[in-house]
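Read the structure below first, then the notes.
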Amino acid sequence: MTTADTAQRVAAIGAGITPSSPSFLGIVRAELQKTGWRRAVWFSLLGIGLLMLLLNGITYFFVINGLTSPQGPGGPGQPPAPTIPAEAIPYVMMTLLLSNVREYSGLVIALLTVLLISVEYQLGTIRIVLGRGVGRIRLLAGKYVALLIAGLIALLVILGLNILELIVAAAAQGKSDALLGHIPSYLWSDAGAYLLTILYNLVVTMLLAAFFTVLSRSLAFGLVAALAYWFAEGIVSTILQGVAGATQNKSWSDVTHYFLGTNLTNLASTVLPKRNLPDLSAAFGGGPGGAPFDATHAIVVTLIYSAIFLGVSLYLTWKRDVLQ
Amino acid sequence: MTAPSAQTQPALTRPSEVVLRTQNLSKSYGSRLAVDNLNLDVRRGEIFGFLGPNGAGKTTTIRMALGLIAPTSGSVEVLGKDIGQHLSEVLPRVGALVETPALYTYMSGRNNLRTMASALGGIPDSHIDAILDVVGLRERQKDRVRTYSLGMKQRLGVAMALLHNPDLLILDEPANGLDPAGIVEIRDLMRALAAQGKTVFISSHVLTEVQQICTRVAIINNGRLVTESTVEALTQTQGGFAVKVREPAEALALVKAQPWGSSAQIDANGYLLTPSPDGEGRSLNLFLSQAGHAPDLIMEQSESLEDVFLRLTGAAPNGATATTTTPTAGGAQ
């Protein structure tokens, strides 16, 4: 290319483009592109999806079998099953299904959050993005919104896959009627309320994952911390329950009522109305009942955690030097 | 020929407008002072070279100019506004390539530009095509950046900086990794941008390149400004000439006998290095010719920017003289 060519082309590229402040919608769109155009994201989601389909498929198969078997959910040699009303089967399956959806959608949003926030620091692109006048807080807010959109889509896909899998698991055993033949009218409103708690869970999990990633600016640390946090809480909970049992002092176990994981796990139980159904939650997971606190407690505690995660993330994003 | 419009040639209308100014700018990390009381003025339409050895504080200064790190004291004004107060107004008019090109390596070159275009808004696909043409990446636009060579990444980094038609371009080592043809292209590009009234601020270690394209340079060392001047003023030595004569020893004796010629000497190539009676090449020519030593060649002595840089930063290698006197430019003959 000659000097004259270059001059001509440079003159051409300057025409018609006026530098302007980035729009928030544009930032969100760019963040969605950064997520969607990344193969690692799709491979991770595929892996999680396959794992989910395998584990949940097995679970649904055996739980439907247990619920409809005269031997009861415990299987052969176990105490006989309580008398299970026909409408309890779809209800239990609904709560079990949504409990699984909550866990997997939480895992997906945590993964997406860590990937989307850490990528700018890992690749150094944060200096390009901020250097174009995309404000720090606006960038983080744009990432939050993009993640919520992606999380919502993931939630719908996970929900659809689980419903399909449940129906297939029932049909494979010829028990579709037990699953779909006696659906109580209140199941839909309860499922709707449960779904709202899953959405809330999604937001809190995203804020937690964003907090660890903003803090560390590292993919590895952010991912490990966002996942290990729940395990750590679980281990500490178990220890505290043990101490409470050993010392006969309930205040030890009461401490766990202020743990994030405890509150999020029990949120659905506190929100759903008590139905006149046998409590099968211990046998099948999920289901209403059993929460040691009420919905207000769960919401206030999780809101406090969320405010801390959000506040610290915003402050660090706003104030820290970008040296990447 | 029609007169250039004010829109396309702002350099001609407001040549002295300062587009980047640092005032008493300092940044410290703990007890280490990375930038120390730095004062710079970069004017519209200039190609300004920002030089310094590794760790001198160049990148820290650039990061402060882009609002990536906060100054410990002092301020940065970009396009007439304080960067700390008007970040979102000013930075959309700045394009930057800081250190190594930071790119989404998992995306194609084109998608990198599309992502940035989405965030910035108002940039059509045809503009992306034009930018890819300018930086010579049209052929490889669909390949993932992970497969690019350093030079190609550098070109894409420049494309990202140019994407939104900025008024001020800040380029940190833009020639890094480029082959000779690429270096020439980037040089032409910068000249073309400056001709359009855009300001180009380059931090570089390739001093020969800087000397060829920059109008002014600043040299910093240990975070402090050592000098800020035009390239011409920095590289020109005061009234010195290199003269090729047939009998240099006799000519030297003659010159040394003059009141203005006591510093004359003969260099390793047999050139007579001497001042002129009045600082002009023609009077030296006349003097020598009248004395019977008609010069075959007279060249105005100048230092290369590299020599100046090494001298001013105290980084000259052992044994090298800080004031190299290699004749490089033609003078009176």
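Protein sequence lines, in the order shown, are assigned to chains A and B.
Oh and the first sequence: position 175 is 174 in numbering that gives the first Met the number 0, straight run, nothing missing.
Oh and the second sequence: position 243 is 242 in numbering that gives the first Met the number 0, straight run, nothing missing.
The beta-carbon is built from N, C-alpha and C at its ideal position, and this holds for glycine as well.
Since the structure is predicted, the reported quantities are computational estimates derived from the model, not experimental observations.
Please list the terminal residues of the continuous beta strand (DSSP E) segment that includes residue i.
| i | result |
| --- | --- |
| Glu76 of chain B | Ser72 to Val77 |
| Asn175 of chain B | Element bounds for Asn175 of chain B: n/a, residue is neither H nor E. |
| Phe47 of chain B | Ile46 to Leu50 |
| Thr255 of chain A | Premise fails: Thr255 of chain A is in no beta strand (DSSP E) and is neither H nor E. |
| Glu138 of chain B | Taken as a continuous stretch (DSSP letters only), Glu138 of chain B belongs to no beta strand (DSSP E), as it is neither H nor E. |
Can you list, in chain order, the residues of its chain with a C-beta nearer than 6 Å to that of residue i? Leave out the 5 residues immediately preceding and following it.
| i | result |
| --- | --- |
| Thr59 of chain B | Lys26, Ala33 and Val34 |
| Leu170 of chain B | Leu96 and Ile201 |
| Glu227 of chain B | Ala217 |
Of the choices the options, whose alpha-carbon is the least far from that of residue i?
| i | options | result |
| --- | --- | --- |
| Leu52 of chain A | A:Ser217, A:Tyr90, A:Thr34 and A:Leu96 | A:Leu96 |
| Pro272 of chain A | A:Thr94, A:Glu164 and A:Ala140 | A:Thr94 |
| Gln264 of chain B | B:Pro258, B:Ala248 and B:Gly278 | B:Ala248 |
| Ser375 of chain B | B:Ala64, B:Glu98 and B:Leu206 | This structure cannot settle anything about residue 375 of chain B, because the visible part of chain B is limited to 0 through 332. |
| Leu206 of chain B | B:Gly73, B:Leu309, B:Thr99 and B:Glu279 | B:Leu309 |
| Ala10 of chain A | B:Thr104, B:Arg190 and B:Glu302 | B:Arg190 |
| Leu96 of chain B | B:Tyr105, B:Asn110, B:Glu172 and B:Ser107 | B:Glu172 |
| Tyr90 of chain A | A:Ile108, A:Ile116 and A:Val62 | A:Val62 |
| Ala114 of chain A | A:Arg8, A:Leu151, A:Asp176 and A:Trp41 | As written in the sequence, residue 114 of chain A is Leu, which differs from the Ala given in the question. When each option's Cα is compared against that of Leu114 of chain A, the closest is A:Trp41. |
| Gly51 of chain B | B:Ala293, B:Val209 and B:Gln257 | B:Val209 |
| Pro84 of chain A | A:Val223, A:Leu24, A:Leu178 and A:Ser250 | A:Leu178 |
| Gly176 of chain B | B:Gln153, B:Tyr103, B:Arg186 and B:Val157 | B:Gln153 |
| Glu16 of chain B | B:Glu45, B:Tyr28, B:Lys141 and B:Thr312 | B:Glu45 |
| Gly48 of chain B | B:Asp277, B:Thr229 and B:Thr312 | B:Thr229 |
| Val244 of chain B | B:Asp295, B:Arg139 and B:Leu285 | B:Asp295 |
| Ala256 of chain B | B:Leu287, B:Val75 and B:Val93 | B:Leu287 |
| Ala241 of chain B | B:Tyr147, B:Ser262, B:Ile122 and B:Arg31 | B:Ser262 |
| Pro123 of chain B | A:Gly105, A:Gly150, A:Thr5 and A:Ile16 | A:Ile16 |
| Ser282 of chain B | B:Glu305, B:Ala252, B:Leu304 and B:Gly239 | B:Gly239 |
Taking only beta-carbon positions, decide if residue i is within less than 9 Å of chain B.
| i | result |
| --- | --- |
| Arg216 of chain A | no |
| Ala6 of chain A | yes |
| Ser305 of chain A | no |
| Ala140 of chain A | no |
| Gly221 of chain A | no |
| Ile16 of chain A | yes |
| Lys398 of chain A | This structure does not reach residue 398 of chain A, given that chain A is present from 0 up to 323, and the question cannot be answered. |
| Ile148 of chain A | no |
| Trp36 of chain A | yes |
| Ser117 of chain A | no |
Of all the CB atoms in chain A, is at least one closer than 9 Å to the CB of residue i?
| i | result |
| --- | --- |
| His204 of chain B | no |
| Ala33 of chain B | no |
| Thr99 of chain B | yes |
| Met352 of chain B | In the structure displayed, chain B extends from 0 to 332; residue 352 of chain B sits before or after that span and is not available. |
| Arg137 of chain B | no |
| Ala194 of chain B | yes |
| Met159 of chain B | yes |
| Tyr147 of chain B | no |
| Ile201 of chain B | no |
| Met298 of chain B | no |
| Glu184 of chain B | yes |
| Gly44 of chain B | no |
| Tyr103 of chain B | yes |
| Ala263 of chain B | no |
| Val133 of chain B | yes |
For the alpha helix (DSSP H) holding residue i, just list the boundary residues, first then last.
| i | result |
| --- | --- |
| Ser305 of chain A | Ala294 to Lys318 |
| Tyr143 of chain A | Arg135 to Ala171 |
| Thr146 of chain B | Per DSSP, Thr146 of chain B belongs to no alpha helix (DSSP H) and is neither H nor E. |
| Ile122 of chain B | Element bounds for Ile122 of chain B: n/a, residue is neither H nor E. |
| Val321 of chain A | No alpha helix (DSSP H) holds Val321 of chain A; DSSP gives it neither H nor E. |
| Lys26 of chain B | Run containing Lys26 of chain B: none in the alpha helix (DSSP H); it sits in the beta strand (DSSP E), Val17 to Tyr28. |
Using C-beta distances below 8 Å, list every residue in its chain close to residue i, excluding the 5 sequence neighbours before and after it, in chain order.
| i | result |
| --- | --- |
| Asp293 of chain A | Thr269 |
| Val18 of chain B | Val41, Arg42, Arg43, Val77, Leu78, Gly79, Asp166, Leu167 and Thr198 |
| Leu131 of chain B | Gly108, Arg109, Leu112, Arg137, Gln140 and Ala158 |
| Phe60 of chain A | Ala168, Ala171 and Gln172 |
Name the chain E residues that come within less than 9 Å of residue i, Cβ to Cβ?
| i | result |
| --- | --- |
| Val144 of chain A | The chain labelled as chain E is not found among the protein chains of the depicted structure, namely A and B. |
Report all residues from its chain with a CB closer than 7 Å to the CB of residue i; omit the five preceding and five following residues, and keep chain order.
| i | result |
| --- | --- |
| Val321 of chain A | Ile125, Arg126 and Leu129 |
| Leu276 of chain A | Pro84, Ala87 and Tyr90 |
| Ala101 of chain B | none |
| Gly284 of chain A | Note on Gly284 of chain A: pLDDT 45, under 50, position unreliable in the model; the coordinate value appears next. Hits under 7 Å: Leu95 and Ser98. |
| Tyr103 of chain A | Ile47, Met51 and Ile157 |
Comparing the CB of residue i with every heavy atom of the ligand MG, is any distance shorter than 8 Å?
| i | result |
| --- | --- |
| Lys197 of chain B | The model on display carries no ligand, and the ligand MG is accordingly not part of it. |
Legend entry - In chain order, each alpha helix (DSSP H) run of at least 4 residues that lies wholly inside the stretch 64-133 of chain A: 87-122 and 125-130
Inset, instruction - Jot down the residue ranges of each uninterrupted beta strand (DSSP E) in the stretch 177-254 of chain B, minimum 3 residues, whole runs only, in chain order. - result: 198-202, 215-220, 223-229 and 235-243
Legend entry - Every unbroken beta strand (DSSP E) inside the stretch 258-283 of chain B [3 residues or more]: 271-274
Legend entry - alpha helix (DSSP H) runs wholly inside the stretch 175-251 of chain A, at least 4 long, in chain order: 175-179, 185-215 and 218-246
Inset, instruction - Run through the stretch 12-46 of chain A for me and flag every whole alpha helix (DSSP H) of 4 or more residues, listed as ranges in chain order. - result: The qualifying runs are 23-35.
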